[in-house]
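Below is one structure; the comments refer to it alone.
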Amino acid sequence: MLDLLITHATLPDGRLNMSIAVQSGRITEVTEGLQAPAHETVNAGGLLVSPPFVDAHFHMDSALSYGQPRVNESGTLLEGIALWGELKPTLTHEAIVERALRYCDVAVARGLLAIRSHVDTSHPSLLPVQALLDVKQRVAPYLDLQLVAFPQDGVLRAPGGLDNLRRALDLGVDVVGGIPHFERTMAQGAESVKILCELAAERGKRVDMHCDESDDPHSRHVETLAYETQRLGLHGRVTGSHLTSMHSMDNYYVSKLIPLMAEADLGVVANPLINITLQGRHDTYPKRRGMTRVPELMAAGLTVAFGHDCVLDPWYSGGSADMLEAAHMGLHVGQMTSQAAMRQCFDAVTVNPARLLGLEGYGIAPGCHADFVLLHARSPVDAIRLRAQRLGVWRRGRRVAGQPAPIAELCLAGRPGSVDFL
Ligand code: FE2
Numbered sequence: 562m563l564d565l566l567i568t569h570a571t572l573p574d575g576r577l578n579m580s581i582a583v584q585s586g587r588i589t590e591v592t593e594g595l596q597a598p599a600h601e602t603v604n605a606g607g608l609l610v611s612p613p614f615v616d617a618h619f620h621m622d623s624a625l626s627y628g629q630p631r632v633n634e635s636g637t638l639l640e641g642i643a644l645w646g647e648l649k650p651t652l653t654h655e656a657i658v659e660r661a662l663r664y665c666d667v668a669v670a671r672g673l674l675a676i677r678s679h680v681d682t683s684h685p686s687l688l689p690v691q692a693l694l695d696v697k698q699r700v701a702p703y704l705d706l707q708l709v710a711f712p713q714d715g716v717l718r719a720p721g722g723l724d725n726l727r728r729a730l731d732l733g734v735d736v737v738g739g740i741p742h743f744e745r746t747m748a749q750g751a752e753s754v755k756i757l758c759e760l761a762a763e764r765g766k767r768v769d770m771h772c773d774e775s776d777d778p779h780s781r782h783v784e785t786l787a788y789e790t791q792r793l794g795l796h797g798r799v800t801g802s803h804l805t806s807m808h809s810m811d812n813y814y815v816s817k818l819i820p821l822m823a824e825a826d827l828g829v830v831a832n833p834l835i836n837i838t839l840q841g842r843h844d845t846y847p848k849r850r851g852m853t854r855v856p857e858l859m860a861a862g863l864t865v866a867f868g869h870d871c872v873l874d875p876w877y878s879g880g881s882a883d884m885l886e887a888a889h890m891g892l893h894v895g896q897m898t899s900q901a902a903m904r905q906c907f908d909a910v911t912v913n914p915a916r917l918l919g920l921e922g923y924g925i926a927p928g929c930h931a932d933f934v935l936l937h938a939r940s941p942v943d944a945i946r947l948r949a950q951r952l953g954v955w956r957r958g959r960r961v962a963g964q965p966a967p968i969a970e971l972c973l974a975g976r977p978g979s980v981d982f983l
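Residue numbers are given in this note's numbering: position 228 of the sequence shown equals residue 789, and the series is strictly consecutive.
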């Protein structure tokens with residue numbers, strides 16, 4: 562007897578009336594119309610069953626700290642960094658853990674089951690690192706938390722920055738981070754990229770760097786990141802996060818840059834909610850949007866994800882752990898309104914970030930982990946449009962959120978050819 566059988570599911574690739582069979586936490590079969598005895602059977606009623614949402618870029622150590630000790634008046638990235646610097650001396654292990662666990666609870670309810678979080682390594686105490694390593698262990702049964710050693714104050718600019726980051730990796734942090742545009746000069750930024758990529762190569766780690774998070778059209782750290790990636794043979798293991806300067810760069814230069822990024826198989830994370838609010842703050846009108854060139858990067862074959870980045874913290878006063886909100890904003894800011902582009906926006910919060918994180922067993926296919934979310938929508942495009950309700954969330958075949966309600970009763974009959982509003 563199966564542990565779980567989902568029937569009448571629509572899958573993100575458009576397959577209809579699919580059954581998903583689960584045994585011992587893994588998917589054993591994905592077949593049209595399969596009926597078999599199971600301990601739990603869920604009739605999806607034609608609604609969308611997706612692999613879980615994945616957030617490729619988040620800051621869990623600052624999440625839910627909004628207003629402490631004050632709010633960001635200018636709304637700029639730099640005031641946010643200064644504000645985080647004011648908050649840091651008051652942080653405690655318990656407070657970080659409590660806020661992070663609260664966030665993870667909401668994330669799971671939203672079908673968000675894997676998060677890559679940057680964690681600030683600037684202070685020699687490594688307090689946020691210790692706290693999030695604790696959280697990582699505690700949430701492991703229901704959420705994959707991958708940590709990035711993030712030198713918020715600059716790995717070269719802050720005294721002891723590199724040593725602190727190395728010690729964070731020693732403690733078990735998974736990924737090497739960086740912030741080259743915050744180092745003192747463009748040259749020091751480039752040097753930091755070289756040092757950090759070499760460190761990652763030495764230790765067999767992935768890299769995910771805040772890179773060129775500015776409106777400066779002359780910022781060039783992503784070029785260096787692509788160069789170091791190919792020089793060290795780190796293809797497919799390095800991600801450039803934000804890349805907002807690409808929005809403002811000269812088009813001719815970008816026509817050279819994107820192929821270099823593709824050659825290095827660089828991952829890209831745009832953070833639409835944050836980019837649209839933090840960038841362009843020095844502009845009058847017209848105001849730049851600041852999001853990197855998502856459709857062009859996707860067209861060049863790069864793996865592009867949308868991250869949430871911040872929720873209720875010194876940089877962002879909004880957010881709700883809903884990756885469909887990030888996808889919705891990315892779709893609008895990137896003007897990605899064709900059917901194909903809207904579907905790509907769904908991929909940008911599911912399969913694409915899963916690839917960047919290197920998640921094992923991700924997807925709805927035999928052999929994959931039985932992790933999925935049942936959405937009150939009939940297609941990925943509708944899921945984004947509606948920021949669809951999560952009717953059920955399963956992790957390793959066990960329901961971790963949602964009600965065991967008669968799902969089929971929630972469905973409205975769609976007429977062929979009509980617009981299905983739900
Ligand atoms: Fe970030």
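For glycine and all other residues, C-beta sits at the position ideal for the given N, C-alpha and C. Note that this is a predicted model, so its numbers are computed, not measured.
- Look at W876 here: in three-state DSSP terms it is coil, with no helix or strand label.
- Between the ligand FE2 and S802, a heavy atom-to-CB distance of less than 7 Å is present.
- Counting along the chain, no alpha helix (DSSP H) covers D714, and no H or E run does either.
- H679 has its CB nearer than 7 Å to a heavy atom of the ligand FE2.
- Fewer than three beta-carbon pairs drawn from the stretch 917 to 935 and the stretch 801 to 811 are found closer than 8 Å, and the two stretches are therefore not classed as touching.
- In the DSSP assignment, D564 falls within the beta strand (DSSP E) that extends over L563 to A570.
- In this structure, A944 lies near L885, with their beta-carbon atoms less than 8 Å apart.
- If you draw a straight line from the Cα of V872 to the Cα of L674, it is about 16 Å long.
- With 16 or more neighbouring CB atoms inside 10 Å of its own CB, Y664 falls in the buried class.
- Rounded to whole angstroms, the Cβ separation of G738 and V783 is 15 Å, and the two are not in contact under 8 Å.
- One alpha carbon belongs to S899, the other to Q905, and they sit about 10 Å apart.
- The nearest non-hydrogen atom of the ligand FE2 is less than 7 Å from the C-beta of H771.
- As DSSP reads the structure, Q584 sits in a beta bridge with R587.
- Beyond the five residues adjoining it in sequence on each side, P856 comes within less than 7 Å, by CB distance, of G895, M897 and A902 in the same chain, given in chain order.
- In this structure, the C-beta of H796 stays at least 7 Å away from each heavy atom of the ligand FE2.
- Taking all protein chains shown into account, E763 has fewer than 16 neighbouring C-beta atoms within 10 Å of its C-beta and is therefore exposed.
- Not one heavy atom of the ligand FE2 sits closer than 7 Å to the Cβ of D666.
- In this chain, F743 is not harboured by any alpha helix (DSSP H), its DSSP state being neither H nor E.
- For F907, DSSP assigns no beta-bridge partner whatsoever.
- Beta-bridge annotation (DSSP): Q707 is paired with R677.
- Non-local C-beta neighbours of E647 in its own chain, meaning closer than 8 Å and more than five positions away in sequence, comprise P630 and R631, ordered along the chain.
- Take the alpha-carbon of D714 and the one of M747: they are about 15 Å apart.
- Within the same chain, Cβ atoms closer than 8 Å to the Cβ of G958 are found at D564, L565, V583, Q584, S585, G586, R587 and A931, the five residues on either side in sequence being excluded.
- The continuous beta strand (DSSP E) containing N604 extends over residues A599 to N604.
- A distance criterion of 7 Å places the beta-carbon of D883 beyond contact range of the ligand FE2, judged by its closest non-hydrogen atom.
- Linking A888 to S775 through their CA atoms gives a straight-line distance of about 21 Å.
- Secondary structure of D731 (DSSP, three-state): helix.
- Cβ atoms of L936 and L917 stay farther apart than 8 Å, at about 22 Å.
- Taking 7 Å as the cut-off, the C-beta of D870 counts as close to a heavy atom of the ligand FE2.
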